[in-house]
Amino acid sequence: SDSNKDHSMDDFYALKMGALWRHFKSEHFSFWMICCYIFFEYVRPQSIIPAIDILPWAQVFIILSAIGLLVAPGRKWVSNPANKWMILFYVVIVMSSMQAYWPEVSYERLADFYTWLIIYFLIINIVNTEKRFFIFLLIIMVASFKISLFGARTWAMRGFSFTSWGMMGPAGYFQNSGELAIQMVVFSGMSWFFFIATKPYLTTVKKWLVGSFSVTAAMTVMASSSRGGQLALLAQIYQIFFRGKIGFRTILLVCVASGLLYVLLPDEQMARFEDIGTDRTSQQRLLYWEHGWDMMKDHPVLGVGYFNFVPYYEQYYSEDMLYDHAQLPHNIFVQVGTDTGFVGLFIYFMLIFSVFSNGRKIRAICLERGAAGDFSAQISRGLEAGFIGFLVAGQFVTVAYYPFMWVQLGLVVSLRNISENRHSMSRQEP
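Here you go:
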(Lines of atoms letter the chains of each structure in order from A and count residues from 1; the text may use other names and numbers.)
(Lines give C-alpha, C1' and ligand atoms only; values in the text may rest on other atoms or scores of the structure.)
Protein backbone atom coordinates (compact mmCIF):
# COMPACT_ATOMS: atom_id res chain seq x y z
CA SER A 1 0.00 0.00 0.00
CA ASP A 2 1.05 3.67 -0.03
CA SER A 3 2.07 3.34 3.62
CA ASN A 4 5.30 1.81 2.28
CA LYS A 5 7.66 4.80 2.49
CA ASP A 6 10.70 3.14 0.90
CA HIS A 7 10.01 4.72 -2.47
CA SER A 8 8.62 8.15 -3.30
CA MET A 9 6.44 8.98 -6.26
CA ASP A 10 9.46 10.82 -7.70
CA ASP A 11 11.19 7.44 -8.01
CA PHE A 12 8.13 6.13 -9.85
CA TYR A 13 8.01 9.14 -12.20
CA ALA A 14 11.73 8.62 -12.89
CA LEU A 15 10.88 5.02 -13.89
CA LYS A 16 13.34 3.52 -11.43
CA MET A 17 12.66 -0.15 -12.03
CA GLY A 18 14.06 -1.24 -8.68
CA ALA A 19 11.65 1.01 -6.76
CA LEU A 20 8.72 -0.06 -8.94
CA TRP A 21 9.49 -3.76 -8.53
CA ARG A 22 10.08 -3.57 -4.75
CA HIS A 23 6.77 -1.80 -4.31
CA PHE A 24 4.96 -4.23 -6.59
CA LYS A 25 6.26 -7.17 -4.51
CA SER A 26 4.95 -5.53 -1.33
CA GLU A 27 1.44 -5.15 -2.73
CA HIS A 28 -1.68 -7.18 -2.03
CA PHE A 29 -2.56 -10.39 -3.90
CA SER A 30 -5.59 -8.78 -5.54
CA PHE A 31 -3.37 -6.13 -7.15
CA TRP A 32 -0.96 -8.76 -8.44
CA MET A 33 -3.84 -10.61 -10.04
CA ILE A 34 -5.42 -7.60 -11.76
CA CYS A 35 -1.97 -6.70 -13.12
CA CYS A 36 -1.52 -10.27 -14.36
CA TYR A 37 -4.90 -10.04 -16.07
CA ILE A 38 -3.90 -6.87 -17.94
CA PHE A 39 -0.55 -8.43 -18.90
CA PHE A 40 -2.16 -11.59 -20.28
CA GLU A 41 -4.94 -9.65 -22.06
CA TYR A 42 -2.64 -7.10 -23.72
CA VAL A 43 0.66 -8.96 -24.20
CA ARG A 44 -0.92 -12.40 -24.84
CA PRO A 45 2.11 -14.52 -23.78
CA GLN A 46 -0.13 -17.59 -24.13
CA SER A 47 -0.22 -16.91 -27.89
CA ILE A 48 3.53 -16.28 -28.10
CA ILE A 49 4.38 -19.42 -26.09
CA PRO A 50 1.82 -22.13 -26.99
CA ALA A 51 3.15 -24.41 -24.21
CA ILE A 52 1.54 -22.17 -21.55
CA ASP A 53 -1.77 -21.92 -23.41
CA ILE A 54 -3.33 -24.56 -21.17
CA LEU A 55 -5.78 -22.42 -19.18
CA PRO A 56 -8.16 -19.52 -19.90
CA TRP A 57 -5.65 -17.23 -18.20
CA ALA A 58 -7.66 -14.00 -18.47
CA GLN A 59 -10.69 -15.56 -16.75
CA VAL A 60 -8.48 -17.20 -14.10
CA PHE A 61 -6.87 -13.88 -13.16
CA ILE A 62 -10.25 -12.10 -13.10
CA ILE A 63 -11.59 -14.71 -10.64
CA LEU A 64 -8.45 -14.54 -8.49
CA SER A 65 -8.61 -10.71 -8.50
CA ALA A 66 -12.22 -10.83 -7.29
CA ILE A 67 -11.38 -13.34 -4.54
CA GLY A 68 -8.40 -11.23 -3.49
CA LEU A 69 -10.55 -8.10 -3.35
CA LEU A 70 -13.20 -9.81 -1.21
CA VAL A 71 -10.63 -10.95 1.38
CA ALA A 72 -8.56 -7.74 1.30
CA PRO A 73 -8.22 -6.09 4.75
CA GLY A 74 -9.85 -2.68 5.18
CA ARG A 75 -11.68 -2.94 1.90
CA LYS A 76 -13.68 0.17 1.02
CA TRP A 77 -15.97 0.15 -2.01
CA VAL A 78 -15.41 3.04 -4.39
CA SER A 79 -18.45 5.16 -5.16
CA ASN A 80 -18.90 7.00 -8.46
CA PRO A 81 -21.92 8.05 -10.57
CA ALA A 82 -20.61 5.84 -13.41
CA ASN A 83 -21.18 2.73 -11.26
CA LYS A 84 -24.97 2.93 -11.45
CA TRP A 85 -24.86 3.56 -15.21
CA MET A 86 -22.68 0.46 -15.69
CA ILE A 87 -25.14 -1.69 -13.74
CA LEU A 88 -28.14 -0.16 -15.51
CA PHE A 89 -26.54 -0.80 -18.88
CA TYR A 90 -26.17 -4.49 -18.04
CA VAL A 91 -29.77 -4.67 -16.79
CA VAL A 92 -30.97 -3.22 -20.12
CA ILE A 93 -28.77 -5.68 -22.06
CA VAL A 94 -30.36 -8.59 -20.15
CA MET A 95 -33.88 -7.20 -20.74
CA SER A 96 -33.10 -6.72 -24.44
CA SER A 97 -31.81 -10.30 -24.63
CA MET A 98 -35.01 -11.65 -23.08
CA GLN A 99 -37.23 -9.95 -25.69
CA ALA A 100 -34.81 -10.37 -28.63
CA TYR A 101 -35.88 -11.88 -31.94
CA TRP A 102 -33.21 -14.54 -31.41
CA PRO A 103 -32.66 -14.75 -27.60
CA GLU A 104 -30.21 -17.65 -27.95
CA VAL A 105 -27.86 -15.38 -29.95
CA SER A 106 -28.07 -12.75 -27.20
CA TYR A 107 -27.46 -15.14 -24.31
CA GLU A 108 -24.35 -16.53 -26.01
CA ARG A 109 -22.83 -13.01 -26.10
CA LEU A 110 -23.73 -11.79 -22.60
CA ALA A 111 -20.12 -12.31 -21.48
CA ASP A 112 -19.05 -9.70 -24.05
CA PHE A 113 -20.31 -7.04 -21.65
CA TYR A 114 -20.59 -8.57 -18.18
CA THR A 115 -16.86 -9.41 -18.32
CA TRP A 116 -16.14 -5.67 -18.67
CA LEU A 117 -18.64 -4.89 -15.94
CA ILE A 118 -16.66 -7.12 -13.58
CA ILE A 119 -13.28 -5.79 -14.74
CA TYR A 120 -14.47 -2.20 -14.32
CA PHE A 121 -15.42 -2.78 -10.68
CA LEU A 122 -12.20 -4.69 -10.04
CA ILE A 123 -10.09 -1.84 -11.45
CA ILE A 124 -11.78 0.96 -9.49
CA ASN A 125 -11.73 -0.97 -6.20
CA ILE A 126 -8.27 -2.53 -6.43
CA VAL A 127 -6.30 0.21 -8.22
CA ASN A 128 -7.03 2.66 -5.40
CA THR A 129 -3.66 4.27 -4.54
CA GLU A 130 -1.34 6.55 -6.48
CA LYS A 131 1.41 3.93 -6.69
CA ARG A 132 -0.93 1.13 -7.72
CA PHE A 133 -2.35 3.35 -10.44
CA PHE A 134 1.09 4.22 -11.79
CA ILE A 135 2.19 0.58 -11.97
CA PHE A 136 -1.10 -0.56 -13.51
CA LEU A 137 -1.00 2.22 -16.13
CA LEU A 138 2.65 1.46 -16.87
CA ILE A 139 1.84 -2.20 -17.58
CA ILE A 140 -0.81 -1.11 -20.11
CA MET A 141 1.65 1.36 -21.66
CA VAL A 142 4.55 -1.09 -21.94
CA ALA A 143 2.26 -3.81 -23.34
CA SER A 144 0.92 -1.33 -25.91
CA PHE A 145 4.47 -0.17 -26.73
CA LYS A 146 5.44 -3.75 -27.50
CA ILE A 147 2.65 -3.81 -30.10
CA SER A 148 3.42 -0.31 -31.48
CA LEU A 149 7.15 -1.04 -31.77
CA PHE A 150 6.43 -4.18 -33.78
CA GLY A 151 3.95 -2.29 -35.97
CA ALA A 152 6.30 0.65 -36.64
CA ARG A 153 9.20 -1.70 -37.38
CA THR A 154 7.10 -3.84 -39.75
CA TRP A 155 5.87 -0.76 -41.64
CA ALA A 156 9.41 0.62 -41.96
CA MET A 157 10.78 -2.76 -43.14
CA ARG A 158 8.19 -2.96 -45.91
CA GLY A 159 9.24 0.51 -47.06
CA PHE A 160 6.21 2.33 -45.62
CA SER A 161 4.17 0.65 -48.33
CA PHE A 162 0.42 0.01 -48.45
CA THR A 163 -1.12 -3.43 -47.95
CA SER A 164 -4.81 -4.20 -48.34
CA TRP A 165 -4.88 -6.18 -45.08
CA GLY A 166 -3.21 -3.37 -43.15
CA MET A 167 -1.44 -4.59 -40.05
CA MET A 168 -2.25 -7.61 -37.92
CA GLY A 169 -1.93 -7.31 -34.15
CA PRO A 170 -1.52 -10.05 -31.54
CA ALA A 171 -4.27 -12.64 -31.14
CA GLY A 172 -7.22 -11.29 -29.17
CA TYR A 173 -8.94 -7.93 -29.13
CA PHE A 174 -6.29 -6.14 -31.24
CA GLN A 175 -5.77 -8.73 -33.96
CA ASN A 176 -7.67 -7.05 -36.81
CA SER A 177 -6.14 -3.90 -38.29
CA GLY A 178 -9.12 -1.69 -37.35
CA GLU A 179 -9.08 -2.71 -33.68
CA LEU A 180 -5.27 -2.52 -33.60
CA ALA A 181 -5.47 1.06 -34.91
CA ILE A 182 -7.92 2.03 -32.17
CA GLN A 183 -5.69 0.63 -29.42
CA MET A 184 -2.77 2.55 -30.90
CA VAL A 185 -4.81 5.78 -30.99
CA VAL A 186 -5.85 5.22 -27.35
CA PHE A 187 -2.21 4.51 -26.48
CA SER A 188 -0.84 7.53 -28.37
CA GLY A 189 -3.06 9.92 -26.42
CA MET A 190 -2.19 8.40 -23.04
CA SER A 191 1.51 8.09 -23.81
CA TRP A 192 1.90 11.69 -24.96
CA PHE A 193 0.60 13.08 -21.67
CA PHE A 194 2.49 10.39 -19.72
CA PHE A 195 5.63 11.73 -21.41
CA ILE A 196 4.72 15.35 -20.51
CA ALA A 197 4.06 14.34 -16.88
CA THR A 198 7.24 12.30 -16.35
CA LYS A 199 9.66 14.25 -18.56
CA PRO A 200 11.14 16.39 -15.73
CA TYR A 201 12.11 13.21 -13.84
CA LEU A 202 13.57 11.17 -16.70
CA THR A 203 17.14 10.69 -17.88
CA THR A 204 17.90 11.55 -21.51
CA VAL A 205 17.72 7.90 -22.57
CA LYS A 206 14.38 7.39 -20.82
CA LYS A 207 13.02 10.59 -22.37
CA TRP A 208 13.77 9.23 -25.84
CA LEU A 209 12.27 5.87 -24.91
CA VAL A 210 9.01 7.26 -23.47
CA GLY A 211 8.82 9.87 -26.22
CA SER A 212 8.92 7.09 -28.81
CA PHE A 213 5.69 5.59 -27.38
CA SER A 214 3.38 8.03 -29.16
CA VAL A 215 5.55 8.14 -32.31
CA THR A 216 5.51 4.35 -32.83
CA ALA A 217 1.78 4.29 -32.00
CA ALA A 218 1.08 6.87 -34.73
CA MET A 219 3.24 4.92 -37.21
CA THR A 220 1.28 1.73 -36.48
CA VAL A 221 -2.00 3.58 -37.07
CA MET A 222 -0.67 4.69 -40.47
CA ALA A 223 0.50 1.14 -41.24
CA SER A 224 -2.91 -0.32 -40.32
CA SER A 225 -4.57 1.09 -43.46
CA SER A 226 -7.58 1.82 -41.22
CA ARG A 227 -9.29 4.98 -42.45
CA GLY A 228 -11.24 5.30 -39.19
CA GLY A 229 -8.07 4.94 -37.12
CA GLN A 230 -6.25 7.55 -39.21
CA LEU A 231 -9.14 10.03 -38.91
CA ALA A 232 -9.15 9.38 -35.16
CA LEU A 233 -5.42 10.16 -35.03
CA LEU A 234 -6.02 13.48 -36.81
CA ALA A 235 -8.83 14.33 -34.36
CA GLN A 236 -6.50 13.48 -31.50
CA ILE A 237 -3.71 15.69 -32.85
CA TYR A 238 -6.18 18.56 -33.06
CA GLN A 239 -7.48 17.91 -29.54
CA ILE A 240 -3.99 17.76 -28.03
CA PHE A 241 -2.21 20.55 -29.88
CA PHE A 242 -4.76 22.97 -31.30
CA ARG A 243 -7.52 23.15 -28.71
CA GLY A 244 -6.80 26.17 -26.56
CA LYS A 245 -3.67 28.32 -26.72
CA ILE A 246 -1.60 27.77 -29.85
CA GLY A 247 2.09 28.63 -29.81
CA PHE A 248 4.56 28.80 -32.70
CA ARG A 249 6.41 25.66 -31.52
CA THR A 250 3.14 23.71 -31.39
CA ILE A 251 2.16 24.73 -34.91
CA LEU A 252 5.65 23.93 -36.21
CA LEU A 253 5.67 20.51 -34.51
CA VAL A 254 2.24 19.55 -35.86
CA CYS A 255 3.07 20.79 -39.37
CA VAL A 256 6.31 18.79 -39.46
CA ALA A 257 4.61 15.66 -38.07
CA SER A 258 1.64 16.01 -40.46
CA GLY A 259 3.96 16.58 -43.40
CA LEU A 260 5.97 13.47 -42.57
CA LEU A 261 2.83 11.37 -42.25
CA TYR A 262 1.51 12.72 -45.57
CA VAL A 263 4.79 11.93 -47.35
CA LEU A 264 4.91 8.45 -45.81
CA LEU A 265 1.23 7.70 -46.54
CA PRO A 266 1.16 5.44 -49.62
CA ASP A 267 -0.75 6.51 -52.74
CA GLU A 268 -3.06 3.51 -52.36
CA GLN A 269 -4.10 4.71 -48.91
CA MET A 270 -4.78 8.22 -50.25
CA ALA A 271 -6.94 6.59 -52.93
CA ARG A 272 -8.92 4.79 -50.21
CA PHE A 273 -9.77 8.15 -48.64
CA GLU A 274 -10.79 9.51 -52.03
CA ASP A 275 -13.09 6.48 -52.48
CA ILE A 276 -14.94 7.02 -49.18
CA GLY A 277 -18.65 6.74 -49.82
CA THR A 278 -18.28 5.18 -53.26
CA ASP A 279 -16.39 1.90 -52.74
CA ARG A 280 -18.32 -1.26 -51.85
CA THR A 281 -17.14 -1.28 -48.21
CA SER A 282 -18.35 2.29 -47.65
CA GLN A 283 -21.65 1.67 -49.43
CA GLN A 284 -22.36 -1.38 -47.30
CA ARG A 285 -21.60 0.53 -44.11
CA LEU A 286 -23.92 3.35 -45.17
CA LEU A 287 -26.67 0.77 -45.70
CA TYR A 288 -25.97 -0.75 -42.27
CA TRP A 289 -26.29 2.68 -40.67
CA GLU A 290 -29.44 3.60 -42.59
CA HIS A 291 -31.21 0.34 -41.75
CA GLY A 292 -29.78 0.35 -38.23
CA TRP A 293 -31.54 3.68 -37.71
CA ASP A 294 -34.73 2.11 -39.08
CA MET A 295 -34.38 -0.76 -36.59
CA MET A 296 -33.98 1.70 -33.72
CA LYS A 297 -37.08 3.67 -34.79
CA ASP A 298 -39.12 0.48 -35.18
CA HIS A 299 -37.91 -0.89 -31.80
CA PRO A 300 -37.20 2.28 -29.77
CA VAL A 301 -37.30 0.87 -26.23
CA LEU A 302 -34.96 -2.15 -26.22
CA GLY A 303 -33.88 -2.52 -29.86
CA VAL A 304 -34.10 -5.69 -31.94
CA GLY A 305 -32.14 -7.61 -29.34
CA TYR A 306 -28.60 -7.71 -27.98
CA PHE A 307 -26.31 -8.88 -30.87
CA ASN A 308 -29.36 -9.50 -33.07
CA PHE A 309 -28.35 -6.95 -35.73
CA VAL A 310 -26.82 -9.54 -38.10
CA PRO A 311 -29.68 -12.11 -38.21
CA TYR A 312 -32.28 -9.31 -38.26
CA TYR A 313 -30.52 -7.56 -41.16
CA GLU A 314 -30.18 -10.82 -43.12
CA GLN A 315 -33.88 -11.57 -42.67
CA TYR A 316 -35.41 -8.15 -43.26
CA TYR A 317 -32.84 -6.28 -45.42
CA SER A 318 -31.36 -9.08 -47.55
CA GLU A 319 -31.83 -6.96 -50.69
CA ASP A 320 -29.23 -4.51 -49.30
CA MET A 321 -26.50 -7.06 -48.62
CA LEU A 322 -23.51 -6.33 -50.86
CA TYR A 323 -21.64 -9.33 -49.46
CA ASP A 324 -22.63 -12.97 -48.88
CA HIS A 325 -23.34 -12.37 -45.19
CA ALA A 326 -24.31 -9.39 -43.07
CA GLN A 327 -21.81 -8.03 -40.56
CA LEU A 328 -22.15 -5.96 -37.41
CA PRO A 329 -23.02 -2.33 -38.19
CA HIS A 330 -19.51 -0.79 -38.07
CA ASN A 331 -20.58 1.99 -35.73
CA ILE A 332 -20.65 1.91 -31.92
CA PHE A 333 -23.81 4.02 -31.62
CA VAL A 334 -25.74 2.01 -34.21
CA GLN A 335 -24.49 -1.16 -32.49
CA VAL A 336 -25.67 -0.07 -29.03
CA GLY A 337 -28.91 1.45 -30.39
CA THR A 338 -29.96 -1.67 -32.29
CA ASP A 339 -28.82 -3.88 -29.39
CA THR A 340 -30.61 -2.02 -26.59
CA GLY A 341 -32.82 0.68 -28.12
CA PHE A 342 -32.82 4.34 -27.18
CA VAL A 343 -32.91 3.38 -23.49
CA GLY A 344 -29.58 1.61 -23.74
CA LEU A 345 -28.16 4.28 -26.05
CA PHE A 346 -29.01 6.99 -23.49
CA ILE A 347 -27.19 5.04 -20.78
CA TYR A 348 -24.23 4.54 -23.11
CA PHE A 349 -24.06 8.31 -23.70
CA MET A 350 -24.12 8.85 -19.92
CA LEU A 351 -21.16 6.48 -19.60
CA ILE A 352 -19.32 8.47 -22.27
CA PHE A 353 -20.16 11.66 -20.41
CA SER A 354 -18.79 10.04 -17.23
CA VAL A 355 -15.32 9.76 -18.77
CA PHE A 356 -15.18 13.51 -19.41
CA SER A 357 -16.93 14.59 -16.18
CA ASN A 358 -14.54 12.50 -14.07
CA GLY A 359 -11.58 13.91 -16.01
CA ARG A 360 -12.74 17.48 -15.36
CA LYS A 361 -13.21 16.68 -11.68
CA ILE A 362 -9.65 15.35 -11.42
CA ARG A 363 -8.25 18.55 -12.92
CA ALA A 364 -10.47 20.69 -10.67
CA ILE A 365 -9.10 18.87 -7.62
CA CYS A 366 -5.52 19.37 -8.84
CA LEU A 367 -6.22 23.06 -9.45
CA GLU A 368 -7.65 23.45 -5.95
CA ARG A 369 -4.52 21.86 -4.55
CA GLY A 370 -2.40 24.30 -6.55
CA ALA A 371 -1.06 21.48 -8.71
CA ALA A 372 -2.61 22.08 -12.13
CA GLY A 373 0.38 20.39 -13.81
CA ASP A 374 0.23 17.40 -11.47
CA PHE A 375 0.70 13.86 -12.84
CA SER A 376 -2.99 13.12 -12.21
CA ALA A 377 -4.10 16.19 -14.17
CA GLN A 378 -1.87 15.32 -17.12
CA ILE A 379 -2.93 11.66 -17.19
CA SER A 380 -6.61 12.66 -17.05
CA ARG A 381 -5.96 14.65 -20.23
CA GLY A 382 -4.24 11.64 -21.74
CA LEU A 383 -7.14 9.35 -20.92
CA GLU A 384 -9.54 11.82 -22.52
CA ALA A 385 -7.35 12.20 -25.62
CA GLY A 386 -7.24 8.41 -26.03
CA PHE A 387 -10.98 8.20 -25.46
CA ILE A 388 -11.71 10.84 -28.11
CA GLY A 389 -9.67 8.73 -30.52
CA PHE A 390 -11.81 5.72 -29.66
CA LEU A 391 -15.05 7.69 -30.19
CA VAL A 392 -13.97 8.93 -33.64
CA ALA A 393 -12.68 5.53 -34.80
CA GLY A 394 -15.76 3.89 -33.28
CA GLN A 395 -17.90 5.55 -35.97
CA PHE A 396 -16.46 3.05 -38.48
CA VAL A 397 -16.00 -0.21 -36.53
CA THR A 398 -18.10 -2.34 -34.18
CA VAL A 399 -16.17 -2.15 -30.91
CA ALA A 400 -18.71 -1.14 -28.26
CA TYR A 401 -17.87 -4.25 -26.19
CA TYR A 402 -14.09 -4.18 -26.69
CA PRO A 403 -11.75 -3.05 -23.89
CA PHE A 404 -11.16 0.48 -25.19
CA MET A 405 -14.07 2.24 -23.48
CA TRP A 406 -14.36 0.11 -20.36
CA VAL A 407 -10.69 0.16 -19.39
CA GLN A 408 -10.52 3.93 -20.00
CA LEU A 409 -13.60 4.46 -17.84
CA GLY A 410 -12.16 2.26 -15.09
CA LEU A 411 -8.88 4.18 -15.16
CA VAL A 412 -10.46 7.64 -14.99
CA VAL A 413 -12.83 6.64 -12.16
CA SER A 414 -9.91 5.06 -10.30
CA LEU A 415 -7.82 8.22 -10.75
CA ARG A 416 -10.65 10.44 -9.52
CA ASN A 417 -11.03 8.30 -6.39
CA ILE A 418 -7.28 8.52 -5.72
CA SER A 419 -7.26 12.30 -6.31
CA GLU A 420 -10.20 12.84 -3.94
CA ASN A 421 -8.62 10.70 -1.23
CA ARG A 422 -5.32 12.52 -1.53
CA HIS A 423 -7.09 15.89 -1.44
CA SER A 424 -9.09 15.00 1.67
CA MET A 425 -5.93 13.75 3.42
CA SER A 426 -4.07 16.98 2.60
CA ARG A 427 -6.95 18.98 4.08
CA GLN A 428 -6.69 17.04 7.33
CA GLU A 429 -2.97 17.69 7.69
CA PRO A 430 -2.17 20.55 10.07
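Read in my numbering, the sequence shown has 1466 at position 181, and its numbers run on one by one without any break. The C-beta atom is built at its ideal place from N, Cα and C for all residues, glycine as well.
| Item | Value |
| --- | --- |
| CA nearest to the CA of residue 1566, picked from 1585, 1503, 1513 and 1520 | 1513 |
| Residue nearest to residue 1259 in terms of C-alpha spacing, selected from 1422, 1471 and 1655 | The shown model of the chain, from 1286 to 1715, leaves out residue 1259, and the question about it has no answer. |
| Contact under 9 Å by Cβ, residue 1342 with residue 1321 | yes |
| Cβ separation of residue 1615 and residue 1682, assumed to be a contact under 8 Å, to the nearest whole Å | 6 Å |
| Inside the region 1615 to 1685 only - alpha helix (DSSP H) runs reaching at least 4 residues | 1617 to 1653 and 1660 to 1678 |
| Sequence ranges, alpha helix (DSSP H) only - wholly within the region 1379 to 1429, length at least 4 | 1388 to 1393 and 1396 to 1411 |
| Straight-line Cα distance separating residue 1462 from residue 1556 | Reliability fails at residue 1556, whose pLDDT of 49 lies under 50, so the model's placement of it is uncertain and the value that follows must be treated cautiously. So the two alpha carbons sit approximately 18 Å from each other. |
| Cβ distance (whole Å) where residue 1240 is taken to contact residue 1415 below 8 Å | The question about residue 1240 has no answer here: the residues shown for the chain are numbered 1286 through 1715. |
| Per-residue burial, residue 1507 [other beta carbons within 10 Å of its own, 16 or more giving buried] | buried |
| Cα-Cα separation between residue 1612 and residue 1349, rounded to whole angstroms | 35 Å |
| Distance, residue 1587 Cα to residue 1333 Cα | 41 Å |
| Assumed close pair residue 1405, residue 1695 - CB separation to whole angstroms, cut-off 8 Å | 5 Å |
| Inter-residue spacing [alpha-carbon to alpha-carbon] between residue 1382 and residue 1518 | 35 Å |
| Element boundaries [alpha helix (DSSP H), containing residue 1323] | 1314 to 1327 |
| Burial state of residue 1663, where buried means 16 or more other Cβ atoms lie within 10 Å | buried |
| Residue 1370 in three-state terms, based on DSSP | helix |
| Distance CB(residue 1640)-CB(residue 1574) smaller than 9 Å | no |
| Residue from 1407, 1353, 1427 and 1650 with nearest C-alpha to residue 1371 | 1407 |
| Whole alpha helix (DSSP H) elements within the region 1489 to 1517, 4-residue minimum | 1489 to 1508 |
| Reduced DSSP secondary structure (H/G/I, E/B, other) of residue 1303 | helix |
| Under 9 Å between C-beta atoms of residue 1402 and residue 1379 | no |
| Closest Cα partner of residue 1452 within the set 1502, 1359 and 1606 | 1502 |
| Rounded C-alpha distance that separates residue 1653 from residue 1699 | 19 Å |
| Host alpha helix (DSSP H) of residue 1595 (start-end) | 1594 to 1601 |
| Residue 1480 - DSSP class collapsed to helix/strand/coil | helix |
| C-beta atoms of residue 1496 and residue 1478 nearer than 9 Å | no |
| Close-in-space but distant-in-sequence residues of the same chain around residue 1362 (CB under 7 Å, 5 per side omitted) | 1410 |
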